Amino acid sequence: MDIKELRIEVQVPINIALIKYWGKRDEDLILPLNDSVSLNINNVFAKTLLRCVPSCTPDSVSINGEAVDLNKSVRFKRCFNVDSTTNFPVAAGLASSAAGFAAIAFAIGQLFSFSLKDVSRIARIGSGSACRSVFEGLVHWKAGIDASGSDCYVEQLFPANHWPELRAVIVIFNETKKETGSTAGMKATVKTSDLLKYRVEKVVPERIKRYLFYYLGFQYILKAKIFQYMSDASWEMIRLVHEMNHNDIKAAYTFDAGPNACIFLLQDHVAELLQLIHRRFIISSDIIDSLGFPINGGFLDVEQLRVPDKLETYSIKEIILSGVGFGPKLI
Numbered sequence: 000m001d002i003k004e005l006r007i008e009v010q011v012p013i014n015i016a017l018i019k020y021w022g023k024r025d026e027d028l029i030l031p032l033n034d035s036v037s038l039n040i041n042n043v044f045a046k047t048l049l050r051c052v053p054s055c056t057p058d059s060v061s062i063n064g065e066a067v068d069l070n071k072s073v074r075f076k077r078c079f080n081v082d083s084t085t086n087f088p089v090a091a092g093l094a095s096s097a098a099g100f101a102a103i104a105f106a107i108g109q110l111f112s113f114s115l116k117d118v119s120r121i122a123r124i125g126s127g128s129a130c131r132s133v134f135e136g137l138v139h140w141k142a143g144i145d146a147s148g149s150d151c152y153v154e155q156l157f158p159a160n161h162w163p164e165l166r167a168v169i170v171i172f173n174e175t176k177k178e179t180g181s182t183a184g185m186k187a188t189v190k191t192s193d194l195l196k197y198r199v200e201k202v203v204p205e206r207i208k209r210y211l212f213y214y215l216g217f218q219y220i221l222k223a224k225i226f227q228y229m230s231d232a233s234w235e236m237i238r239l240v241h242e243m244n245h246n247d248i249k250a251a252y253t254f255d256a257g258p259n260a261c262i263f264l265l266q267d268h269v270a271e272l273l274q275l276i277h278r279r280f281i282i283s284s285d286i287i288d289s290l291g292f293p294i295n296g297g298f299l300d301v302e303q304l305r306v307p308d309k310l311e312t313y314s315i316k317e318i319i320l321s322g323v324g325f326g327p328k329l330i
């Protein structure tokens with residue numbers, strides 16, 4: 000008797016950590032050394048088609064049309080037939096593995112009626128930060144202390160609609176694959192950093208308390224930097240944000256494991272940020288034209304954007320404007 004093929008297609012956003020997960024206490028179970036807090040970025044996502052074929056058909060994975068050699072990575076061993084595409088560069092420090100593995104786990108959960116808690120645990124085995132993309136809103140991944148991982152789980156702190164005017168501007172400087180992957184970077188930090196233990200035991204718990212109380216108090220986000228993966232363009236963006244915040248805190252920057260910046264700010268300040276970015280960096284006319292979006296009933300002054308202050312040094316490949324907090328969805 001032929002058994003019907005099961006198939007499902009889902010869309011899952013990346014998440015950007017505001018308090019970073021860095022380092023594991025168990026490499027096999029993917030248990031983190033410290034808690035982390037994150038927000039999903041609505042318009043930056045992975046679309047994944049998953050097929051469950053109850054036959055001898057071999058497992059397969061493709062990402063943006065390129066087949067993945069399953070023998071080279073243990074994280075793919077438990078997959079079905081997976082076809083995943085992203086609308087952002089892969090392995091460039093924009094949490095591509097988080098969205099990709101969260102999409103696989105969410106699709107499996109939808110096929111077999113798993114709870115979101117179980118889906119999150121499945122996603123974690125593929126990529127630690129993937130467990131956070133399963134939930135919407137402001138999300139807290141608790142590291143736990145139990146060796147089995149029973150107390151390591153994700154919970155929602157605030158729903159997606161808690162702060163509807165909050166926006167994320169993703170500035171992509173480099174689309175190439177980063178030289179040091181996150182897993183290798185974490186292992187190196189655990190082995191070599193004398194400050195990591197202090198961060199895990201002292202810094203992160205205090206920051207978690209502040210986020211629970213303030214929900215994105217910008218004065219704290221501004222301190223959340225990862226130095227190993229940042230480029231000169233990244234530092235230039237940091238200087239720009241600090242200049243924008245000279246009289247009042249309007250924007251907050253953070254980076255995932257890569258040089259590309261994620262800037263959180265309210266919708267009212269988006270136009271000002273984009274104009275400052277254009278005056279500091281090289282931006283193509285295609286990017287400028289794509290930024291003529293409505294803000295409070297008006298539009299960006301595109302002609303004004305075309306007249307920079309001649310301070311350009313670094314080029315920008317892409318700018319993505321997005322709301323935050325949406326969770327996975329069926330397509």
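If you use numbering that gives the first Met the number 0, the sequence shown corresponds to residues 0 to 330, in order. Just so it is clear, CB atoms sit at the ideal spot from N, CA and C, and this is done for glycine as well. Everything numeric in this text was worked out from a predicted model, so none of it was measured.
Across which residues does DSSP place residue i in a beta bridge pair?
i, result
"S112", "In DSSP, S112 forms no bridge with anything."
"A16", "S37"
"E135", "DSSP, once it has assigned bridges, lists no residue as partnering E135."
"Y152", "K141"
"K30", "The question names Lys, yet the displayed sequence has Leu at residue 30. L30 is bridged to D25."
Considering only their Cβ atoms, is the gap separating residue j from residue i smaller than 8 Å?
i, j, result
"E253", "I15", "Per the sequence presented here, residue 253 reads as Thr, with Glu not at that position. Against a cut-off of 8 Å, the Cβ pair of I15 and T253 comes out as a contact."
"M229", "V170", "no"
"L110", "C51", "yes"
"F36", "I207", "Reading the sequence as shown, one finds Val at residue 36 and not Phe. Contact flag set, yes."
"N42", "I319", "yes"
"A142", "L30", "yes"
"V133", "A146", "no"
"G127", "Y20", "yes"
"H139", "D34", "yes"
"I315", "F172", "yes"
"I13", "A97", "yes"
"L273", "L239", "no"
"I7", "A106", "yes"
"A260", "S233", "yes"
"L32", "F79", "no"
"T188", "G22", "yes"
"M243", "A250", "yes"
"I287", "E317", "no"
"V153", "S112", "no"
With DSSP run on the structure shown, which of helix, strand or coil describes residue i?
i, result
"L239", "helix"
"A66", "strand"
"F44", "strand"
"G322", "strand"
"C51", "strand"
"S37", "strand"
"I287", "helix"
"I220", "Annotation note: pLDDT 45 at I220 (below 50); position unreliable, no value reported."
"I7", "strand"
"I225", "The predicted position of I225 is uncertain, since its pLDDT is 38 and thus under 50; no value can be drawn from it."
"S147", "coil"
"S83", "strand"
"T312", "coil"
"I281", "strand"
I think residue i touches residue j, with their Cβ atoms under 8 Å apart; what is that distance to the nearest whole Å?
i, j, result
"A45", "V81", "Going by Cβ atoms, the distance from A45 to V81 rounds to 11 Å, so no, they are not a contact pair."
"G125", "D117", "The pair is not a contact, with the Cβ atoms about 14 Å apart (cut-off 8 Å)."
"L28", "G148", "5 Å"
"A129", "A104", "7 Å"
"V168", "V9", "That pair is no contact at about 26 Å."
"L165", "F263", "6 Å"
"S95", "T84", "The pair is not a contact, with the Cβ atoms about 11 Å apart (cut-off 8 Å)."
"A334", "S181", "Given that the chain is displayed from residue 0 to residue 330, the structure contains no residue 334 and the question cannot be resolved."
Which parts of the segment 232 to 276 are runs of the beta strand (DSSP E), unbroken and 3 residues or longer, counting only runs that do not cross its ends? 250 to 254 and 260 to 265
Taking only runs that begin and end inside the segment 154 to 213, name each unbroken alpha helix (DSSP H) of 4 or more residues, in chain order. 181 to 191 and 203 to 213
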